[in-house]
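Below is one structure; the comments refer to it alone.
Protein chains: 2
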Amino acid sequence: MAHINTNFVKLPGSYLFSEIARRVEAYTQENPDKKLIKLGIGDVTRPLAPAVIQAMHKAVEEMGTVQGFHGYGPEQGYEFLREAIARHDYQDRGVDIAAGEIFVSDGAKSDCGNIVDIFSVDNVVAVCDPVYPVYVDTNAMSGRAGEYDVRAGKWTELVYMPCTSENQFTPEIPSKKVDLIYLCFPNNPTGAVATREQLKAWVDYANRVGAVILFDSAYEAFITTPGIPHSIFEIEGARSCAVEFRSFSKTAGFTGARCAYTVIPKELERDGVSLNSLWNRRQCTKFNGVPYVTQRGAEAVYSPEGKRQVEETLAFYRENARVIREGLVAAGLTVSGGVDSPYIWAKTPDQMPSWDFFDRLLRQANVVTTPGAGFGPSGEGYIRLTAFGGAEATREAVARIRTIL
Amino acid sequence: MAHINTNFVKLPGSYLFSEIARRVEAYTQENPDKKLIKLGIGDVTRPLAPAVIQAMHKAVEEMGTVQGFHGYGPEQGYEFLREAIARHDYQDRGVDIAAGEIFVSDGAKSDCGNIVDIFSVDNVVAVCDPVYPVYVDTNAMSGRAGEYDVRAGKWTELVYMPCTSENQFTPEIPSKKVDLIYLCFPNNPTGAVATREQLKAWVDYANRVGAVILFDSAYEAFITTPGIPHSIFEIEGARSCAVEFRSFSKTAGFTGARCAYTVIPKELERDGVSLNSLWNRRQCTKFNGVPYVTQRGAEAVYSPEGKRQVEETLAFYRENARVIREGLVAAGLTVSGGVDSPYIWAKTPDQMPSWDFFDRLLRQANVVTTPGAGFGPSGEGYIRLTAFGGAEATREAVARIRTIL
Numbered sequence: 251m252a253h254i255n256t257n258f259v260k261l262p263g264s265y266l267f268s269e270i271a272r273r274v275e276a277y278t279q280e281n282p283d284k285k286l287i288k289l290g291i292g293d294v295t296r297p298l299a300p301a302v303i304q305a306m307h308k309a310v311e312e313m314g315t316v317q318g319f320h321g322y323g324p325e326q327g328y329e330f331l332r333e334a335i336a337r338h339d340y341q342d343r344g345v346d347i348a349a350g351e352i353f354v355s356d357g358a359k360s361d362c363g364n365i366v367d368i369f370s371v372d373n374v375v376a377v378c379d380p381v382y383p384v385y386v387d388t389n390a391m392s393g394r395a396g397e398y399d400v401r402a403g404k405w406t407e408l409v410y411m412p413c414t415s416e417n418q419f420t421p422e423i424p425s426k427k428v429d430l431i432y433l434c435f436p437n438n439p440t441g442a443v444a445t446r447e448q449l450k451a452w453v454d455y456a457n458r459v460g461a462v463i464l465f466d467s468a469y470e471a472f473i474t475t476p477g478i479p480h481s482i483f484e485i486e487g488a489r490s491c492a493v494e495f496r497s498f499s500k501t502a503g504f505t506g507a508r509c510a511y512t513v514i515p516k517e518l519e520r521d522g523v524s525l526n527s528l529w530n531r532r533q534c535t536k537f538n539g540v541p542y543v544t545q546r547g548a549e550a551v552y553s554p555e556g557k558r559q560v561e562e563t564l565a566f567y568r569e570n571a572r573v574i575r576e577g578l579v580a581a582g583l584t585v586s587g588g589v590d591s592p593y594i595w596a597k598t599p600d601q602m603p604s605w606d607f608f609d610r611l612l613r614q615a616n617v618v619t620t621p622g623a624g625f626g627p628s629g630e631g632y633i634r635l636t637a638f639g640g641a642e643a644t645r646e647a648v649a650r651i652r653t654i655l
Numbered sequence: 251m252a253h254i255n256t257n258f259v260k261l262p263g264s265y266l267f268s269e270i271a272r273r274v275e276a277y278t279q280e281n282p283d284k285k286l287i288k289l290g291i292g293d294v295t296r297p298l299a300p301a302v303i304q305a306m307h308k309a310v311e312e313m314g315t316v317q318g319f320h321g322y323g324p325e326q327g328y329e330f331l332r333e334a335i336a337r338h339d340y341q342d343r344g345v346d347i348a349a350g351e352i353f354v355s356d357g358a359k360s361d362c363g364n365i366v367d368i369f370s371v372d373n374v375v376a377v378c379d380p381v382y383p384v385y386v387d388t389n390a391m392s393g394r395a396g397e398y399d400v401r402a403g404k405w406t407e408l409v410y411m412p413c414t415s416e417n418q419f420t421p422e423i424p425s426k427k428v429d430l431i432y433l434c435f436p437n438n439p440t441g442a443v444a445t446r447e448q449l450k451a452w453v454d455y456a457n458r459v460g461a462v463i464l465f466d467s468a469y470e471a472f473i474t475t476p477g478i479p480h481s482i483f484e485i486e487g488a489r490s491c492a493v494e495f496r497s498f499s500k501t502a503g504f505t506g507a508r509c510a511y512t513v514i515p516k517e518l519e520r521d522g523v524s525l526n527s528l529w530n531r532r533q534c535t536k537f538n539g540v541p542y543v544t545q546r547g548a549e550a551v552y553s554p555e556g557k558r559q560v561e562e563t564l565a566f567y568r569e570n571a572r573v574i575r576e577g578l579v580a581a582g583l584t585v586s587g588g589v590d591s592p593y594i595w596a597k598t599p600d601q602m603p604s605w606d607f608f609d610r611l612l613r614q615a616n617v618v619t620t621p622g623a624g625f626g627p628s629g630e631g632y633i634r635l636t637a638f639g640g641a642e643a644t645r646e647a648v649a650r651i652r653t654i655l
């Protein structure tokens, strides 16, 4: 008799965004005339940059000819893209990362989820609380999380690092020794960023105890404040303790085009084995590379026109973030994030539970947000809004929220 | 201290196709003037069908507009594609499969590799020998294979089902009870197909002992012999014991475009849990869907023009298969496959080891093949050739092989 992976059965309820979709669907069924504005899920809305579109058309054209056809590409990504990433995202910014340390993939979600394959099930895992659910759920599925304690809203074997207004949403190094540390800056969901000094403390800790930092910098393109690191590899010592996940999703609107990458320095080793080689083996065995057309599109993000166009779109979203942030403050809410980040993290009024405030905003303002509690127990009492909507819709949503509060 | 997944370290040497690439590269370095013909790796060479190209252009166009832009799609694939697959690949052929049972992905390699996530580590796994290495390596990585016995060329905990000329390359039901059974028909690498009666025996066995059949039918489009099943779901009883993997790679030349799908019937359960729901949870947590542009391209495969164009390309490859098959027979080799399959499986002359014959063909005929030993111990003494080359190159390769033999 075949048996299932029983860790799956331990997962509580449905995935956060599925539950939101369910509630939104139910409300829409009951109220088909209401016009909802969705500032919940972190999905972009602006079209792909013209330079990207042009490059993709050209690549599609090639795929229709015998000479230009591309079959299986390298599992790690084409050299043209790995080189462009290494140069523009790292070397030109003075960060020492080579093309051979970059693995192109179909998404940071895939990479963040699949990275657990290369680590022992016995590692102790630390996550921020609130946290992007993928880090938690994938460790639960692979048996590193123990049991789910419904009352606490926590897994018994995970180490939670609370990020609340008391510590400016900045995790503290846990007292219990941990092996794998998930960090995400600019943070999803709180919108917090980390300073160089804060990241240095993590790198020093990881090097001291032999931990590995899994650093998600999917939102780095939103950073405008000078001095805030865009990459963990800007920190001295990170090459021997960190893996970095990045994505074209938020940087260049690739949520529907699917391209991301993971950076693993050559000297990063545990148990005497290179993690770069382990990930390479994982990818070569379970992945067959990103579509050629997509990779040509991603490459175009780094062309002079591409850079300019992408920057325009980022400015568009940053303006949305400002509108939301200032509007919610004017409505009397306590707000963080929204600077150096597309996410605005707002305290619910009168300590109202997250899902109640979510339902109230859905029903009274017809605005879809994300309940903070969905990101972990310390997210209770917060909601997340995203700056990825249209400009007018965002203004309208903020106006509606101000009206009902 | 973070520790690695030590199962990775047990994996022997490099992945088969990496080793081939290494030898080819070394030979090319030494002999830059030689013109190699590659009939080794199963990668297609014909361009994408015009209908597919047209659909992809249109989708790229949409992605460049506010109205037509698509962000995150459903993790399971867009309904338009799931519906098209269900209708054209199953329902129109009288097979009872619904859209909700289809999960669109970036590749059969990914799906075959990732499916192990939803099963217990304690399941006993049966594989054909020779076999597509991904089934073996992914089970080794996840701890189901035991230790690698270098002398035997086998993993201690896997159950190997020899497929040799003695049994017409058809696996027999193992005497030891097994839980997960990987079957691939038309077979990679041997090119063998399974009759309805043979598959019925497997389905009956699986239903009797509660095993799950993981059925890889990536090459079904090459079947021309009437009566040979294209899908495991043509067999009565399969809905309660089988998962099927399919791909647009070989059917429609998508090796560089990346689109595939996995079929899990709603009533397939183990330990009282639906495998469809487990896989859905896995995909929603670790995957973010296939690019919109790719899915529109895949949909076009089912249009009247798409079907006709794809059929032309398949005819082109089938003719290559015939040329290779008949040419090698004329050269005095014992050959199977090449009918209902793009793979030709040839016995080496005088019981020469596979890698020796591979090297001989590389050096003397400048033809790249795949050594059978790379697919498992029972592949020793064979080589695999593929029909995916150009027509002229294929004829030339066969002529060169005939000359040296």
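Going down the list, the protein sequences come from chains A and B.
Positions 251 to 655 (the working numbering) are the ones given, in order, by the first sequence.
Positions 251 to 655 (the working numbering) are the ones given, in order, by the second sequence.
No residue lacks a Cβ here, since even glycine has one placed at the ideal position from N, Cα and C.
All of these numbers come straight from a predicted model, not from anything done at the bench.
- For the region 389-414 of chain A, the residues whose beta carbon sits under 7 Å from a beta carbon of chain B are, in order, M391.
- With contacts defined as CB atoms closer than 7 Å, T388/A and V409/A fail to qualify as a contacting pair.
- Secondary structure note for P412/A: it is in no alpha helix (DSSP H), and the uninterrupted beta strand (DSSP E) holding it is 409-412.
- Out of L525/A, N616/A, G640/A, the CA that lies nearest to the CA of A252/B is found in L525/A.
- Looking at the DSSP output, K404/A bridges to D399/A.
- Nearest to R273/A by C-alpha distance, out of W605/A, E549/A, P424/A, F465/A, is W605/A.
- Cβ-Cβ separation between A596/A and L578/A: approximately 5 Å, consistent with a contact (criterion under 8 Å).
- Between E569/A and the set G640/A, R558/A, A502/A, the nearest pair of CA atoms involves G640/A.
- Listed by position along chain B, the residues whose Cβ is nearer than 7 Å to that of L430/A are A252.
- Residue environment: P297/A is assigned as buried (16 or more neighbouring CB atoms within 10 Å of its CB, all protein chains considered).
- For E269/B, the enclosing alpha helix (DSSP H) begins and ends at 266-280.
- In the structure shown, L298/A adopts coil according to DSSP, grouped into three states.
- Note on the region 306-336 of chain B: whole alpha helix (DSSP H) runs with a minimum of 4 residues are 329-335, in chain order.
- For V453/B, same chain residues with a beta-carbon under 8 Å away, outside a window of 5 residues either side, are I463, I482, I485, E486, G487, A488, C491, A492 in chain order.
- Unbroken beta strand (DSSP E) runs of no fewer than 3 residues, entirely contained in the region 450-511 of chain A, are found at 462-466, 492-497, following chain order.
- E576/B and P436/B have their C-alpha atoms spaced approximately 19 Å apart.
- Taking 8 Å as the upper bound for CB-CB distance, V648/A and V573/A are in contact here, some 6 Å apart.
- With contacts defined by Cβ atoms closer than 7 Å, G321/A and V294/B form a contacting pair.
- Across the structure, A451/A and A468/A are spaced so that their CA atoms are roughly 21 Å apart.
- The CB of S370/A comes closer than 9 Å to the CB of A252, H253, I254, N255, T256 in chain B, given here in chain order.
- Burial check for E561/B: the Cβ neighbour count within 10 Å stays below 16, so the residue is exposed.
- Rounded to whole angstroms, the Cβ separation of R558/B and M306/B is 18 Å, and the two are not in contact under 8 Å.
- Chain-ordered, the chain A residues with CB closer than 8 Å to the CB of T315/B read P297.
- About 36 Å separates the CB atoms of M391/A and N281/A; that is not less than 8 Å, and the two are not in contact.
- Between V459/B and K427/B, the C-beta spacing is below 7 Å.
- In this structure, T620/A lies away from F607/A, with their beta-carbon atoms at least 7 Å apart.
- By the 16-neighbour rule on beta-carbons within 10 angstroms, N417/A is exposed.
- The DSSP assignment places complete alpha helix (DSSP H) segments of no fewer than 4 residues inside the region 355-390 of chain A at 358-364, in order along the chain.
- Per DSSP, reduced to three states, the secondary structure at T420/A is coil, with no helix or strand assignment.
- Its Cα nearest to that of A507/B, the residue P324/A stands out among Y277/A, K285/A, P324/A.
- In the three-state DSSP reduction, R394/A falls in the coil class, being neither helix nor strand.
- If you check the CB distance, P476/A and R446/A do not come in under 7 Å.
- In the DSSP assignment, no residue is bridged to S553/B.
- V585/B: member of the beta strand (DSSP E) spanning 585-587, first to last residue.
- Each residue's CA atom was taken as its position, placing R645/B and Y542/A some 29 Å apart.
- Closer than 7 Å to the CB of P421/B there is not a single CB belonging to chain A.
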